[in-house]
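What follows is a short report on a single structure.
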Amino acid sequence: MKKNAFTLVELLVAIAIFAILSALGWKTFDHIAKIKDRNATHEENLAQLQEAYQQIQRDSIQITAVVAGNSEKPQAALILHDQSLSFTKSGVVDPLQQKKAPTERVEYHYNAQDKKLYRLKYTYINGTPNQQPVSSVLLARVDQLQMNILNPQALDHWPDMIDPNDQTALRRLPRGFSLKFSIDDVEYEWIFDLLNTDFISSNLSKNSLKKQSSDRTLSDPSILV
Numbered sequence: 000m001k002k003n004a005f006t007l008v009e010l011l012v013a014i015a016i017f018a019i020l021s022a023l024g025w026k027t028f029d030h031i032a033k034i035k036d037r038n039a040t041h042e043e044n045l046a047q048l049q050e051a052y053q054q055i056q057r058d059s060i061q062i063t064a065v066v067a068g069n070s071e072k073p074q075a076a077l078i079l080h081d082q083s084l085s086f087t088k089s090g091v092v093d094p095l096q097q098k099k100a101p102t103e104r105v106e107y108h109y110n111a112q113d114k115k116l117y118r119l120k121y122t123y124i125n126g127t128p129n130q131q132p133v134s135s136v137l138l139a140r141v142d143q144l145q146m147n148i149l150n151p152q153a154l155d156h157w158p159d160m161i162d163p164n165d166q167t168a169l170r171r172l173p174r175g176f177s178l179k180f181s182i183d184d185v186e187y188e189w190i191f192d193l194l195n196t197d198f199i200s201s202n203l204s205k206n207s208l209k210k211q212s213s214d215r216t217l218s219d220p221s222i223l224v
């Protein structure tokens with residue numbers, strides 16, 4: 000009479016096949032999970048990069064030739080020093096009519112220890128004591144970062160040594176600036192133009208000449224005759 004039960008060999012073969020199929024299924028599942036994690040990380044990085052780029056682009060468009068600080072310690076309209084970029088920008092909105100100033104001071108500061116690029120915003124540009132900036136993170140996991148001024152050659156600082164009483168020099172703006180950095184072993188280079196700096200510089204020079212001419216006229220009454 001024929002037996003319907005499995006033999007020991009058949010049972011072992013079935014267990015082995017089931018184990019192989021389970022291992023293959025787990026390997027496939029693990030591979031899909033890793034791809035999903037990589038895609039999520041990539042999307043997070045892309046969102047971070049897009050948000051940071053758009054913020055810096057908005058700032059660069061609004062950079063204005065306004066000197067910060069005070070008469071005792073003036074600050075140039077734009078400064079690059081020790082891989083920190085600070086500038087005066089317009090575009091401040093005041094929907095609640097709180098008598099906010101039309102300009103503010105912004106600084107990009109790279110902290111190599113925590114690998115982050117920070118954006119610091121100062122409401123008052125006149126160097127108000129104990130003013131605490133509003134801080135936000137532009138980029139995280141930044142392994143290296145270098146900022147340069149473009150005028151049009153690349154410069155690692157701005158401005159050069161100038162007379163702190165020379166308002167024209169303090170207001171002078173470069174043509175643009177660049178950021179070179181790497182995140183997760185991927186290198187990036189962003190270049191930003193400043194709007195119409197030639198026109199601004201030309202107007203500043205003309206205004207300076209007009210002021211000098213006016214001063215000479217007032218100091219020499221014979222010119223008025």
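Position 42 of the sequence shown, counting from 1, maps to 41 under numbering that gives the first Met the number 0, and the rest follow consecutively. Where a beta carbon is used, it is the ideal one built from N, C-alpha and C, also for glycine. These numbers were taken from a predicted model, which means no experiment stands behind them.
Taking each of K179, E42 and M146 in turn and checking the Cα distance to S83, the smallest one comes out for M146. Looking at the DSSP output, I78 shares a beta bridge with S85.
According to the DSSP assignment, Q166 belongs to the alpha helix (DSSP H) that extends over Q166 to R170. In this structure R104 does not touch T127 by the C-beta definition: roughly 10 Å separates them, more than the 8 Å allowed. Secondary structure of K114 (DSSP, three-state): coil. Residue state for A67 is assigned as strand, using DSSP reduced to three classes. Cβ-Cβ distances below 8 Å link I55 to Y107, L137, L178, W189 and F191 in the same chain, with the five nearest sequence neighbours on each side left out; the list follows chain order.
Here I14 is exposed, its C-beta having fewer than 16 other C-beta atoms within 10 Å.
Taking a cut-off of 8 Å on C-beta distances, the region 64-83 touches the region 167-182, as three or more cross pairs fall below it. For Q143, the three-state secondary structure derived from DSSP is strand. Ranking A75, Y117, R140 and I31 by CA distance to the CA of N164 puts A75 first. For I190, the enclosing beta strand (DSSP E) begins and ends at V185 to D192. Under DSSP, G175 shares a beta bridge with L149 and D192.
Scanning S181, L10, P158 and Q130 for the CA closest to the CA of D81 turns up P158. With fewer than 16 other CB atoms across the displayed protein chains lying within 10 angstroms of its CB, S89 is exposed. Of the residues assessed, R118 falls on the buried side of the cut-off, its CB having 16 or more other CB atoms within 10 angstroms. Here DSSP, grouped into helix, strand and coil, assigns Y52 to helix. Between the C-alpha atoms of K26 and I148 there is a straight-line separation of about 51 Å. Of the residues assessed, S135 falls on the exposed side of the cut-off, its CB having fewer than 16 other CB atoms within 10 angstroms.
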